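Residue numbers (the UniProt record's numbering): 1 to 279.
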């Protein structure tokens, strides 16, 4: 996420529209798709009814109720609806400059990129709240109160920031999931060794408390429970495929106390290790 971009982002709302069935007419005839060879205006949109597909520069993105999407500037774009009724969406026409303060002076520059540093399509998690905010922006713009442009810009900034927040949240979730998966791989490759929470948290590059919370969220169990599951699964394999004694199996899978191993195994498998071997 380019935080420097948003610290300089200074938008201007040009228009706020509600695109309904009238949008889906070309040359007086109804159509299921509208295409632009090169978008000449920046658009920020939110689907309130129906579903469709956005095609931008050859890539396709599905759209459903709650989808926030925008047209990359000066791009080949096609939007179509796949629902039975025409897709409806709010559309904010906007432009922006990049404003940067250098001491007491201001540097204003035109954006060089066609994309904002957020995904072209984002699915909102609170559709009702986002829909309400879009409706308020629409009503504010068309109400034309004395300060409507200022208020509309604030509302638009809030909407963009919510999309940015969702993007950051998703990225953080993906990074944490990868970190937890890395620690799970580590456990599966070293289950026979003593494994401490501090060591696993270090492998995941997370604090111990956060590691424990996120491990349970991702794996569905605590790190200790997962280690036990991996060790017992390996013990079952050894009991059925080797001539090792129960004590030897226990030590090979990381249990130093054979009696403790037998008790834990019986709780997990519903029978002692020797009976499991006979089965």
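Backbone N, C-alpha and C define an ideal beta-carbon position, used for all residues, glycine too. Please read these numbers as outputs of a predicted model, since none were measured by experiment.
Near residue i, which residues of its chain fall below 6 Å by C-beta distance, leaving aside the five closest residues on each side in sequence?
i	result
residue 163	68, 118, 122
residue 183	200, 203, 204
residue 17	91
residue 97	10, 108
residue 245	none
residue 34	79
residue 134	46, 90
Based on the DSSP output, what are the partners of residue i in its beta bridges?
i	result
residue 10	97
residue 102	105
residue 284	Residue 284 is absent from the structure shown; the chain starts at 1 and stops at 279.
residue 90	18, 46
residue 36	77
residue 53	62, 80
Go through its chain and collect everything with a Cβ distance to residue i's Cβ below 7 Å, but skip five positions before and after it.
i	result
residue 280	Nothing can be reported for residue 280, as the shown portion of the chain is limited to 1 through 279.
residue 268	232
residue 156	11, 13, 92, 94, 137
residue 7	none
residue 114	72, 73, 74, 75
residue 37	76
residue 218	177, 180
So, for residue i: in the same chain, excluding its five sequence neighbours on each side, which residues have a beta-carbon less than 8 Å away from its beta-carbon?
i	result
residue 106	99, 100
Report back the beta-carbon spacing between residue i and residue j to the nearest angstrom; my notes put them in contact at under 8 Å.
i	j	result
residue 252	residue 192	6 Å
residue 151	residue 169	About 27 Å separates the two Cβ atoms, so there is no contact after all.
residue 272	residue 261	Their Cβ separation, rounded to whole angstroms, is 10 Å, which puts residue 272 and residue 261 out of contact at 8 Å.
residue 86	residue 21	5 Å
- Query: Between the stretch 54-70 and the stretch 121-128, are three or more C-beta pairs nearer than 8 Å?
  - Reply: Contact between the stretch 54-70 and the stretch 121-128 is present, because at least three Cβ pairs lie under 8 Å.
- Message: Across the stretch 241-254 and the stretch 205-222, are there enough close Cβ pairs to call them in contact, namely three or more that are closer than 8 Å?
- Response: Contact between the stretch 241-254 and the stretch 205-222 is absent, because fewer than three Cβ pairs lie under 8 Å.
- Query: Can you list, in chain order, the stretches of the alpha helix (DSSP H) that have 4 or more residues and sit fully within the stretch 59-88?
  - Reply: Taking only runs of at least 4 residues, no alpha helix (DSSP H) segment lies wholly in the stretch 59-88.
- Item | Cβ contact (3+ pairs, closer than 8 Å) linking the stretch 137-153 and the stretch 73-89 | At 8 Å Cβ cutoff, the stretches do not touch.
- Are there three or more Cβ pairs, one per stretch, closer than 8 Å when the stretch 41-53 is compared with the stretch 90-110? Remark: three or more beta-carbon pairs, one from each stretch, lie closer than 8 Å, so the stretch 41-53 and the stretch 90-110 are flagged as touching.
- Message: Pairs of beta-carbons, one from the stretch 178-188 and one from the stretch 219-228, closer than 8 Å: are there three or more?
- Response: The stretch 178-188 is in contact with the stretch 219-228.
- Item | alpha helix (DSSP H) runs contained entirely in the stretch 221-270, provided each spans 4 or more residues | List check, alpha helix (DSSP H) in window: 223-241, 246-252, 258-269.
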